[in-house]
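Right, one structure below, let's go through it.
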Amino acid sequence: MKRSVLSGLLLLLVAGSLRAEQAPSETSPDTLFYWLAAGISSPRIQRLTAERGFACHLTPQYTAALRKAGADTSLIQTLGRKSTATAVCSSSTSAAQVAALAHNRKFDAAEDQIRTLLRDDPGNPLLYLVLGTILREQDRPDEALDAISESSRLMPGFPETHGQLSYLFYRLDDSANALAEARTALSMDPKNGEAYRYLGLALYADGHYDAALHAFEESLQREPGSADVYFDMGITLRDQGDLRRSAIAYHHALNLRPDFWQAHSNLGVVLHDQGKLDEAAAEYRAAKRLRPEEASVRNNLGNTLCDKEDFEGAIAEFQELYRQNPEWDGGHNCLARAYMSKRDYPSAIRELKVAIRINPAGAAEHRVLGQALLLTGRDEEAVDVLRKAVALNPDSALAHHYLGTALVNTQQLAEAETEFRRALRLEASAENHYSLAACLVALNRYDEALGELEIASRMDPSQDLYRARMQEVVRLITSSK
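Numbering (the numbering used here), first residue to last: -1 to 479.
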């Protein structure tokens, strides 16, 4: 989705005039809750209150409400020092409740309350900013964009609205507008660490990885305790192919925020890429403890356990995943592999058929299904499925091999020979020479079969089976003369 924006030059000019014309008002007790509900970071709120002043002294009740809304100790201590008034802090119950609901991810209830407040105060830009944040967290980016755009219209000089717009455009794959909005936020406040983060995300989306990393570093210079920025660096570095530094970035994020489940999950992906399967599984388990209902985490853990050949564990994870999320369409290949390892072929066949329904063009899925059908004696079905596998991937030696086997089992020997020879052209292995020899024996072409067995035996001298079959074929040749 594309939204038109003004040119970068014009944005800079407008931003300059806004700084000149709009003096920020002192921070009210309610404003603080709305900033927290809008996801503005604690270091950024500390800067905003330092610039604007804070209109009251903290009370134990107000401090407790701030903690429920997600304010950290550093912010509360700063607010206690920076008050510019003698009045005690007294906020509306609704502002504190909205912030607490948003912090606890009770977005439906928070949305209802914000919409009620907007009916009474339709010109309040902070309410639209909070509404947009809540809608974004509910994965409703178009509605969020409308809400935050209205906040920006009502409060054009606030850098945070442009930062939030930048992030939404990034989420909507509109990197041009994401860049424009991030630059607007920075033109209003060049010291804004969050705006540098959004600039980095926009540059990352545009494929400018080095520039994105530089923007993230600028953000960290201003907000060194931002776990989100280290998380974004981890994503960028992995896409750049630097797995080592990506893992370091995720570790930094987790040191700052140990309950950051997304960082645990993404670190698991990087460790899996590095072949560190035990460590990857540990990170996925940490993410699962923090967010047990997150399907992607359980899916990744199940796949990692498959790669570790911990098939019992993989089966348990996928069974729970499908119980919680019946519509989830990933992991069926892995689950089929786990069932194949246990020789539970009917269950493997069931999972492979689901995988093929989801991905009808999956050559590997067709090949493995054909193999499972062969193992259960369903040779005619196997022929049909393996023909499809070969059509989808003519360069798969395994698919040709198994199709040849199915054709032998159904006495279609001439076609079987063709498939075994195709498998040999693609992969001249001892096993493929042996399979062709078996087909040639069935066709009573013993001399050719003996030649294939001799090649197989030379290629893999450890196989007593090949020498035994050679002796049998020699006897057949002798008896046929």
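Positions of the beta carbon are idealized from the N, C-alpha and C atoms, including for glycine.
Distance between residue j and residue i (C-alpha atoms, nearest Å)
i: L372; j: D271; result: 33 Å
i: L463; j: E429; result: 11 Å
i: E221; j: S149; result: 25 Å
i: A361; j: G402; result: 16 Å
i: R283; j: D305; result: 16 Å
i: L396; j: R365; result: 8 Å
i: L115; j: L73; result: 26 Å
i: D110; j: P324; result: 29 Å
i: Q409; j: F229; result: 59 Å
i: D393; j: L424; result: 7 Å
i: E470; j: E310; result: 42 Å
i: D28; j: A336; result: 55 Å
i: E19; j: R50; result: At E19, the pLDDT of 38 sits below 50, so the modelled position is not reliable; the number obtained from the coordinates is stated separately. Taking the straight line from one Cα to the other gives about 15 Å.
i: R289; j: T71; result: 25 Å
i: N407; j: A447; result: 18 Å
i: Y343; j: R376; result: 11 Å
i: Q44; j: L197; result: 21 Å
i: E363; j: V227; result: 39 Å
i: Y168; j: L299; result: 28 Å
i: N331; j: L451; result: 35 Å
i: L163; j: D106; result: 22 Å
i: L184; j: H249; result: 28 Å
i: A97; j: S39; result: 13 Å
i: G205; j: E378; result: 50 Å
i: S460; j: T302; result: 33 Å
i: P257; j: T76; result: Per the sequence shown, residue 257 should be read as Asp rather than Pro. Roughly 24 Å between the two C-alpha positions.
i: E349; j: D458; result: 35 Å
i: A145; j: R138; result: 11 Å
i: R473; j: A380; result: 33 Å
i: A370; j: K340; result: 12 Å
i: R443; j: Y432; result: 14 Å
i: A100; j: D119; result: 20 Å
i: G449; j: C437; result: 13 Å
Three-way DSSP call (helix, strand, coil) for residue i in this model
i: H55; result: strand
i: T374; result: coil
i: S40; result: helix
i: A13; result: Note on A13: pLDDT 35, under 50, position unreliable in the model; no value is reported.
i: Y464; result: helix
Where the alpha helix (DSSP H) containing residue i begins and where it ends
i: K386; result: 377 to 390
i: T25; result: No alpha helix (DSSP H) contains T25, which DSSP labels as neither H nor E.
i: H206; result: Per DSSP, H206 belongs to no alpha helix (DSSP H) and is neither H nor E.
i: R321; result: 309 to 322
i: T159; result: 157 to 169
i: C437; result: 428 to 440
i: M480; result: No answer is possible for residue 480: it lies beyond the span of the chain, which begins at -1 and ends at 479.
i: V406; result: 395 to 407
i: P344; result: 343 to 356
i: C332; result: 330 to 339
i: A123; result: According to the sequence provided, residue 123 is Pro. The question's Ala does not apply to it. Looking at the DSSP string, the run of the alpha helix (DSSP H) that includes P123 is 123 to 135.
i: K286; result: 275 to 288
i: D187; result: Where D187 is concerned, there is no enclosing alpha helix (DSSP H), given that its DSSP letter is neither H nor E.
i: G266; result: 259 to 271
i: E109; result: 105 to 118
i: R255; result: First-last for R255: undefined, no H or E at that position.
i: C304; result: 293 to 305
i: R494; result: Summary: the structure shown does not reach residue 494, with the chain confined to residues -1 through 479, and so no result is reported for it.
i: E415; result: 411 to 424
Assumed close pair residue i, residue j - CB separation to whole angstroms, cut-off 8 Å
i: L333; j: I347; result: The pair is not a contact, with the Cβ atoms about 12 Å apart (cut-off 8 Å).
i: V388; j: L367; result: The pair is not a contact, with the Cβ atoms about 13 Å apart (cut-off 8 Å).
i: S89; j: A63; result: 7 Å
i: S173; j: R195; result: With a Cβ gap of about 15 Å, S173 and R195 do not count as contacting.
i: V268; j: A245; result: 5 Å
i: Q322; j: A293; result: 7 Å
i: G328; j: N357; result: That pair is no contact at about 10 Å.
i: T25; j: A53; result: 6 Å
i: A426; j: H398; result: Not confirmed; about 13 Å, so no contact.
i: L143; j: L166; result: 5 Å
8 Å Cβ cutoff, residue i in contact with chain B
i: N190; result: No chain B is part of this structure, which consists of one protein chain only.
heavy atom of the ligand PLP below 7 Å from residue i C-beta
i: H398; result: Absence of the ligand PLP from the depicted structure is noted, as is the absence of any ligand whatsoever, leaving it without description.
Check whether the segment 157 to 165 touches the segment 178 to 196, counting contact only when three or more Cβ pairs, one atom from each stretch, lie closer than 8 Å. yes
Assess contact between the segment 280 to 294 and the segment 257 to 271, defined as three or more Cβ pairs (one per stretch) separated by less than 8 Å. Is contact present? yes
Three CB pairs or more closer than 8 Å across the segment 31 to 44 and the segment 117 to 127: yes
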